[in-house]
Amino acid sequence: MLRLALIWIIMFAVVAGVGSLLQRVVLRRFVFDVFASFWTGLMTIIALLQFWNLALPINNAALIVVALAGIGGLALRWRDIKSCGFRLAHRLDDGRARRSMLMAVAFCLLIVLCAASRTTLSRIVPGSDTS
33 MLRLALIWII MFAVVAGVGS LLQRVVLRRF VFDVFASFWT GLMTIIALLQ
83 FWNLALPINN AALIVVALAG IGGLALRWRD IKSCGFRLAH RLDDGRARRS
133 MLMAVAFCLL IVLCAASRTT LSRIVPGSDT S
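Residue numbers (this note's numbering): 33 to 163.
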């Protein structure tokens with residue numbers, strides 16, 4: 033279950049990296065916003081795979097191209113990502129802000145783990161219906 037949550041986090045980072053690459057190179061947008069990058073990346077990956085499928089089948093080569101684009105986008109925005117981390121760490125110097133951020137992270141982690149367990153439940157317990 034933790035492995036599935038880690039895969040989701042990695043996929044989020046790759047999709048956000050693709051969106052960041054598109055925003056930086058094509059749109060010339062210099063402000064880093066992780067959620068705008070995620071949705072832009074998801075749109076870009078869907079469009080890319082639609083065109084890819086016209087000429088080639090979707091296989092490991094497509095996965096490698098998307099992963100390299102995502103890693104490239106994250107590498108291109110590494111300074112911005114690092115500065116977001118430093119700003120977050122600076123905000124967490126306050127005890128109340130730290131507790132509220134910890135509660136928000138714990139809540140999000142609980143949701144991710146519950147969703148991950150529901151997706152794998154039918155494989156673990158045969159005949160269980162999660163819908």
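Built from N, CA and C at the ideal position, the CB exists for glycine as well.
Just so we're clear, the structure is a prediction, and the values are computed from it rather than from any experiment.
Discussion item. Here's a check: name, in chain order, each residue in its chain whose Cβ is nearer than 6 Å to the Cβ of Ser52, leaving out the five neighbours to either side.
Written reply: Ser69, Gly105 and Arg109
Worksheet item: Can you name the start and end residues of the alpha helix (DSSP H) that Ala66 belongs to?
Response: It is worth fixing the name first, because residue 66 is Val in this sequence and not Ala. From DSSP, the alpha helix (DSSP H) with Val66 extends over Val66 to Ala87.
Practice prompt. Output the distance between the C-alpha atoms of Ile103 and Met43, rounded to the nearest integer angstrom.
Written response: 11 Å
Worksheet item: Going by the CB atoms, is the gap between Leu81 and Ala94 shorter than 9 Å?
Response: yes
Discussion item. Quick check: what's the CA-CA separation for Thr72 versus Leu54?
Written reply: 8 Å
Worksheet entry | Identity of the residue in Leu74, Asp65 and Ala138 nearest Arg111 by Cα | Asp65
Worksheet item: Assuming Trp40 contacts Val137 under a Cβ cut-off of 8 Å, what Cβ separation, rounded to an integer in Å, is found between them?
Response: Not quite, the Cβ-Cβ distance comes to about 15 Å (not below 8 Å), so this is no contact.
Worksheet item: Are the CB atoms of Val50 and Ile77 nearer to each other than 9 Å?
Response: yes
Practice prompt. Pull up the distance between the alpha-carbon of Leu141 and that of Met75, whole angstroms please.
Written response: 25 Å
Practice prompt. Give the straight-line distance between the Cα atoms of Asn91 and Arg150, rounded to the nearest whole angstrom.
Written response: 27 Å
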